[in-house]
Each structure stands twice: as structure tokens, then as C-alpha cells.
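> In the numbering used here, the protein residues as written are 3 to 135.
Okay, handing you the structure first.
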């Protein structure tokens with residue numbers, strides 16, 4: 003990320019990023035909202051605890067590839083999260099980015115960025131009320 007992009011990310015919404023570390027945090031995000039994009043799955047959860055930071059977790063299953071491939075996919079998703087989430091993420095929310103086989107590693111970085119931005123916009127869009135029966 004360039005210095006201008008880093009400065010823009012820091013000057014954005016002002017939300018600091020914290021890494022999700024506990025299994026319970028990942029499971030809570032899995033029970034909340036989910037948006038599937040071509041290159042990743044984004045899970046999002048409103049913590050409702052009053053804190054202002056953005057929580058980020060990254061994971062890739064063995065279906066993505068061997069350890070080298072999984073680590074490369076996770077590095078790309080982590081860099082993407084640190085670039086996009088300070089601007090487009092909502093403070094007080096946790097996000098889990100899940101890599102998809104073949105696509106996360108090989109898709110151009112700009113396309114990954116667009117996928118994440120579109121996923122966040124859909125996750126935070128006003129929800130339609132459920133139809134009554």
C-alpha cells in the first residue's frame with residue numbers, strides 16, 4: 003500500500019482495526035450476516051458492545067490449497083482488510099474474510115478490493131422486511 007493510501011486509510015472513519023483471535027469471535031461472526039463474493043466470503047457481526055474498533059479475522063480452509071497457498075491467500079486478504087475496512091467498515095463490527103479455492107490467490111488485487119467493497123455495501127444496506135404470511 004502506498005503512503006498516500008495509508009494516510010487515507012488512517013484519515014478515514016477513524017476506526018482502529020483489531021485482530022480476532024478467539025474461536026468464539028469467529029463463531030459469533032459465522033452466526034451473523036454473510037455475503038458471498040466471487041473471490042471471498044465476508045461474514046459481519048455488530049458487536050453491540052459500545053467499542054469503536056473494527057474487528058478483523060482471516061481464514062482459509064485446506065480446500066484453498068497447501069500451506070504456502072493458504073498463507074498467500076491470507077496475506078492478501080489481511081492487506082485488503084487493512085486497506086478497505088478503516089474506510090468502508092463500520093466501527094463496532096467484526097468482519098471475517100474467508101478465502102475461496104483458486105480465486106483468492108489468482109484474482110487481481112484490484113478485483114479483490116472491489117469484491118470486498120461491494121460485499122460491505124450489501125452487508126450494510128438497509129434490509130427488506132420479511133414478507134408476512
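Just so it is clear, CB atoms sit at the ideal spot from N, CA and C, and this is done for glycine as well.
Every value quoted in this text rests on a predicted model; they were computed, and no experiment measured them.
For the pair the region 17 to 29 and the region 43 to 55, tell me if three or more CB-CB distances fall below 8 Å.
The region 17 to 29 vs the region 43 to 55: in contact.
> Tell me whether residue 8 is buried or exposed, calling it buried when 16 or more other Cβ atoms sit within 10 Å of its Cβ.
Here residue 8 scores only 41 on pLDDT, less than 50, and its place in the model is too uncertain to base an answer on.
> Pick from 110, 108, 82 and 61: whose alpha carbon is nearest that of residue 101?
It is 61 whose Cα lies nearest to the Cα of residue 101.
> For residue 69 and residue 114, I'd like the C-alpha separation in whole angstroms.
One C-alpha to the other measures close to 21 Å.
> Are the beta-carbon atoms belonging to residue 95 and residue 33 less than 8 Å from one another?
In this structure, residue 33 does not lie closer than 8 Å to residue 95 by Cβ.
> Helix or strand or just coil, what does DSSP make of residue 37?
Residue state, collapsed to three classes: strand.
> Report the CB separation of residue 81 from residue 99 in whole angstroms; it is logged as a contact under 8 Å.
At roughly 11 Å, the Cβ-Cβ gap does not stay under 8 Å, so residue 81 and residue 99 are not in contact.
> At the level of alpha carbons, what is the spacing between residue 35 and residue 59?
For residue 35 and residue 59, the distance between alpha carbons rounds to 15 Å.
> Sort 30, 24, 25 and 44 by Cα distance to residue 121 and report the nearest one.
Taking only the C-alpha atoms, the option nearest residue 121 is 44.
> So, with DSSP's three-state summary, where would you put residue 47?
Strand at residue 47.
> Could you work out which residue in 50, 37 and 63 is closest to residue 104 when comparing CA atoms only?
Minimum Cα distance to residue 104 is reached at 63.
> Is residue 85 buried or exposed, if buried means 16 or more other CB atoms sit within 10 Å of its CB?
That one is buried.
> Would residue 119 and residue 41 qualify as a contact pair, given that the criterion is a beta-carbon distance under 8 Å?
Going by C-beta atoms, residue 119 is not nearer than 8 Å to residue 41.
> Tell me where the beta strand (DSSP E) around residue 20 begins and ends.
From DSSP, the beta strand (DSSP E) with residue 20 extends over 19 to 21.
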